[in-house]
Structure formats: C-alpha cells, structure tokens
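In the numbering used here, the protein residues as written are 358 to 447.
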C-alpha cells in the first residue's frame, strides 16, 4: 500500500459496495489485496460470476464471467464503474 490510505469518499463507497454484496448475493467473498484494493468474488443470482475491485484511489473495475459451460468467457467488463453499475449487476 506504500503508506497510502483511501479517502473518506472511497471508504464510504467501499461500505456501500460491501452492504450491497452482502444483501444481494449468497456467501460473498470480499477481501483486501496486498495493494489495499477491496476485491469481490460474487456468485450472482443469474449464476454468473462477478469479480470486482475497488482500488485505493476509488477506481472500480467489474468483470462478469459466464462459467456455466465447458469454457468460461467474459460476459461483461466495466472499467471505471460506478456504485450504481455495481448494484445493477447484482
């Protein structure tokens, strides 16, 4: 993390994303990476997987993966996503 800390706005966003994931998914996996990013590994009600990362600077990246067949593929990728887009995917 190089001594960097997230701003209040990023902490508030993190709190909202965690709350949304906990309320709308079953057994969400939420971790903090070594670089300070908040990472989400979520199984959506649609059956798709959602991987998201909130960087310490507030940048939110979302990838939705369809892993229902023999081969996985990226169904959607949103870089620089918003809180609304995160919740919308849940």
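We treat Cβ as the ideally placed atom computed from N, Cα and C, and that holds for glycine.
Just so it is clear, the structure is predicted and the values come from calculations on it, not from any experiment.
Tell me the rounded alpha-carbon separation between residue i and residue j.
i	j	result
residue 429	residue 405	10 Å
residue 385	residue 420	15 Å
residue 400	residue 439	19 Å
Which whole-angstrom value describes the C-beta separation of residue i and residue j, a residue pair presumed to lie in contact below a C-beta threshold of 8 Å?
i	j	result
residue 382	residue 447	6 Å
residue 361	residue 413	6 Å
Go to residue i, then tell me how far its alpha helix (DSSP H) extends in each direction, as first and last residue.
i	result
residue 370	365-381
Residues in its own chain within less than 6 Å of residue i by CB, not counting five upstream and five downstream?
i	result
residue 410	394, 396 and 418
residue 367	415
residue 444	377
Counting only the same chain and skipping the five closest in sequence on each side, list residues whose C-beta sits under 8 Å from that of residue i.
i	result
residue 437	416, 417 and 418
residue 364	415
From what residue to what residue does the beta strand (DSSP E) around residue i run?
i	result
residue 410	406-411
Between residue i and residue j, is the Cβ-Cβ spacing less than 7 Å?
i	j	result
residue 375	residue 387	yes
Below 7 Å CB to CB, which residues in the same chain sit around residue i once its five sequence neighbours on both sides are set aside?
i	result
residue 398	386 and 408
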